[in-house]
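As given, the protein sequences belong to chains A and B, one line each in that order. Residue numbers for the first sequence follow our numbering, beginning at 26 and rising by one. Residue numbers for the second sequence follow our numbering, beginning at 26 and rising by one. Cβ atoms here follow ideal geometry from the backbone N, Cα and C, with glycine treated the same way. All values derive from a computational prediction rather than experimental measurement.
2 protein chains.
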Amino acid sequence: MNPRLFSFVGGAKGPWQVTSTRTIVGEPLTPVERIAVVSGDQALPSHAKWILRGVTSNERYTTHAEKRQLSERQASLGRTEARHAALIPLRKNAAWWALSQDDRRSLFEEHSKHIAIGLKYLPAIARRLHHCRDLAEQEPFDFLTFFDFADVDSVAFDELLAELRKGAEWEFVDREVEIRMIRD
Amino acid sequence: MNPRLFSFVGGAKGPWQVTSTRTIVGEPLTPVERIAVVSGDQALPSHAKWILRGVTSNERYTTHAEKRQLSERQASLGRTEARHAALIPLRKNAAWWALSQDDRRSLFEEHSKHIAIGLKYLPAIARRLHHCRDLAEQEPFDFLTFFDFADVDSVAFDELLAELRKGAEWEFVDREVEIRMIRD
Numbered sequence: 026m027n028p029r030l031f032s033f034v035g036g037a038k039g040p041w042q043v044t045s046t047r048t049i050v051g052e053p054l055t056p057v058e059r060i061a062v063v064s065g066d067q068a069l070p071s072h073a074k075w076i077l078r079g080v081t082s083n084e085r086y087t088t089h090a091e092k093r094q095l096s097e098r099q100a101s102l103g104r105t106e107a108r109h110a111a112l113i114p115l116r117k118n119a120a121w122w123a124l125s126q127d128d129r130r131s132l133f134e135e136h137s138k139h140i141a142i143g144l145k146y147l148p149a150i151a152r153r154l155h156h157c158r159d160l161a162e163q164e165p166f167d168f169l170t171f172f173d174f175a176d177v178d179s180v181a182f183d184e185l186l187a188e189l190r191k192g193a194e195w196e197f198v199d200r201e202v203e204i205r206m207i208r209d
Numbered sequence: 026m027n028p029r030l031f032s033f034v035g036g037a038k039g040p041w042q043v044t045s046t047r048t049i050v051g052e053p054l055t056p057v058e059r060i061a062v063v064s065g066d067q068a069l070p071s072h073a074k075w076i077l078r079g080v081t082s083n084e085r086y087t088t089h090a091e092k093r094q095l096s097e098r099q100a101s102l103g104r105t106e107a108r109h110a111a112l113i114p115l116r117k118n119a120a121w122w123a124l125s126q127d128d129r130r131s132l133f134e135e136h137s138k139h140i141a142i143g144l145k146y147l148p149a150i151a152r153r154l155h156h157c158r159d160l161a162e163q164e165p166f167d168f169l170t171f172f173d174f175a176d177v178d179s180v181a182f183d184e185l186l187a188e189l190r191k192g193a194e195w196e197f198v199d200r201e202v203e204i205r206m207i208r209d
């Protein structure tokens with residue numbers, strides 16, 4: 026098994042209790058009570074309603090200077106105080122994937138400030154991005170992003186999402202679901 | 026199944042007869058007599074010695090201008106006269122994958138002229154790149170490139186490989202095997 030693989034298992038089990046499931050665009054995802062995050066070759070919980078899988082990977086757009094800024098400021102998932110989380114499965118349309126690398130970078134950062142916006146919320150909001158588009162199976166989403174943060178940063182997280190969704194990059198998003206959770 | 030998935034099945038079956046298997050760097054791959062190229066959900070031949078899998082995907086480094094030049098000049102695999110082929114499974118080291126996008130682009134093209142070299146050999150040498158690094162399974166290679174060309178272009182293909190392997194990008198390659206084939 027790829028050690029960078031993570032499975033998000035939606036059902037009745039897992040430490041994350043789902044508080045809301047909101048369809049932002051496109052087809053909804055069946056709401057579940059709980060989500061378990063399973064890494065690599067760990068056993069999957071039984072009786073799942075759905076399993077979304079993705080792998081962490083190399084950065085696709087980040088420059089050398091941006092990578093340094095991010096690594097200086099970002100936190101890892103799993104801090105004790107980070108009892109709130111969100112899982113955001115997202116798909117981009119065929120027009121996005123047909124763009125050249127420089128055109129995608131330009132939309133992503135020069136027009137939409139994806140990295141600059143994310144930086145403003147570090148280290149409060151931790152995130153981990155998983156890629157699904159290049160798995161062997163046909164996956165329902167291209168990306169799964171998992172975020173965690175403390176209760177006090179919940180409003181900041183809403184602001185972060187609102188800022189990102191205003192960008193030109195988001196015009197290429199054709200399916201997005203926002204799942205919010207709290208930890209037992 | 027992902028419609029962009031291809032499986033390269035090495036064994037005693039398939040239309041491509043292997044004429045040589047050469048280890049360029051790193052661990053060898055078990056030599057086989059024949060290779061079958063299987064797309065998406067087609068049935069895999071039985072009794073394979075190995076199966077290498079990868080998905081075609083969006084371009085990672087190509088600019089808008091380069092993409093236009095490539096699409097104007099490149100041919101698809103499978104031309105009647107293209108009776109020669111090569112499968113080159115290749116892996117890059119951890120240092121490559123830890124680089125930022127702009128540093129990888131700079132090594133790939135500004136220093137190593139990967140795209141510019143490939144362009145010189147179009148349309149004679151057709152190629153299709155498959156990505157394996159972000160599959161759910163732990164794969165032995167990061168990329169599988171399949172090339173086909175006519176007998177008359179065999180020397181040009183050798184030159185193309187020699188030129189690419191001289192570049193700074195190739196210093197990050199830690200496993201590479203070159204399998205040459207002819208079609209029945």
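Counted within 10 angstroms of its Cβ, other Cβ atoms place residue i as buried (16 or more) or exposed
| i | result |
| --- | --- |
| residue 87 of chain A | buried |
| residue 109 of chain B | buried |
| residue 74 of chain A | exposed |
| residue 107 of chain B | buried |
| residue 114 of chain A | buried |
| residue 39 of chain A | buried |
| residue 209 of chain A | exposed |
| residue 194 of chain A | buried |
| residue 177 of chain A | exposed |
| residue 134 of chain B | buried |
| residue 180 of chain A | exposed |
| residue 200 of chain B | buried |
| residue 91 of chain A | buried |
| residue 71 of chain B | exposed |
| residue 137 of chain B | buried |
Straight-line gap, residue i to residue j (C-alpha atoms, nearest Å)
| i | j | result |
| --- | --- | --- |
| residue 77 of chain B | residue 69 of chain B | 11 Å |
| residue 173 of chain A | residue 192 of chain B | 42 Å |
| residue 207 of chain A | residue 42 of chain A | 5 Å |
| residue 156 of chain A | residue 182 of chain B | 34 Å |
| residue 186 of chain A | residue 111 of chain A | 11 Å |
| residue 93 of chain B | residue 140 of chain B | 12 Å |
| residue 65 of chain A | residue 204 of chain A | 22 Å |
| residue 129 of chain B | residue 165 of chain B | 21 Å |
| residue 116 of chain A | residue 158 of chain A | 9 Å |
| residue 95 of chain B | residue 148 of chain B | 9 Å |
| residue 123 of chain A | residue 160 of chain A | 18 Å |
| residue 175 of chain B | residue 105 of chain B | 9 Å |
| residue 131 of chain B | residue 82 of chain B | 21 Å |
| residue 67 of chain A | residue 184 of chain A | 34 Å |
| residue 36 of chain B | residue 100 of chain B | 28 Å |
| residue 120 of chain B | residue 170 of chain B | 21 Å |
| residue 45 of chain B | residue 54 of chain B | 12 Å |
| residue 89 of chain A | residue 190 of chain A | 25 Å |
| residue 11 of chain B | residue 34 of chain A | This structure does not reach residue 11 of chain B, given that chain B is present from 26 up to 209, and the question cannot be answered. |
Residue i CB to nearest heavy atom of the ligand SAM below 7 Å
| i | result |
| --- | --- |
| residue 35 of chain A | The ligand SAM is absent from the structure shown, which contains no ligand whatsoever. |
CB-CB length for residue i against residue j, believed under 8 Å
| i | j | result |
| --- | --- | --- |
| residue 97 of chain A | residue 126 of chain B | Rounded, the Cβ-Cβ distance is 18 Å, inconsistent with contact. |
| residue 142 of chain A | residue 188 of chain A | 5 Å |
| residue 80 of chain A | residue 144 of chain A | About 24 Å; that fails the 8 Å criterion. |
| residue 32 of chain A | residue 57 of chain A | With a Cβ gap of about 14 Å, residue 32 of chain A and residue 57 of chain A do not count as contacting. |
| residue 52 of chain B | residue 27 of chain A | So it is not a contact: roughly 19 Å between Cβ atoms. |
| residue 202 of chain A | residue 60 of chain A | Between residue 60 of chain A and residue 202 of chain A the Cβ distance is about 12 Å, and since that is not below 8 Å, they are no contact. |
| residue 153 of chain B | residue 102 of chain B | 6 Å |
| residue 197 of chain B | residue 118 of chain B | 5 Å |
N- and C-terminal bounds of the beta strand (DSSP E) containing residue i
| i | result |
| --- | --- |
| residue 203 of chain A | 198-208 |
| residue 151 of chain A | 151-156 |
| residue 173 of chain B | 168-174 |
| residue 35 of chain A | 30-36 |
Residue span of the alpha helix (DSSP H) that contains residue i, given as start and end
| i | result |
| --- | --- |
| residue 183 of chain A | 179-190 |
| residue 144 of chain A | 139-145 |
Contact with chain D by residue i, beta-carbon distance below 8 Å
| i | result |
| --- | --- |
| residue 61 of chain A | Annotation note: the requested chain D is absent from the structure, which comprises protein chains A and B. |
At what residue ranges does the segment 50-136 of chain A contain a whole run of the beta strand (DSSP E), taking only runs of 3 or more?
Entirely contained in the segment 50-136 of chain A, the beta strand (DSSP E) runs reaching 3 residues are, in chain order, 59-64, 75-80 and 109-117.
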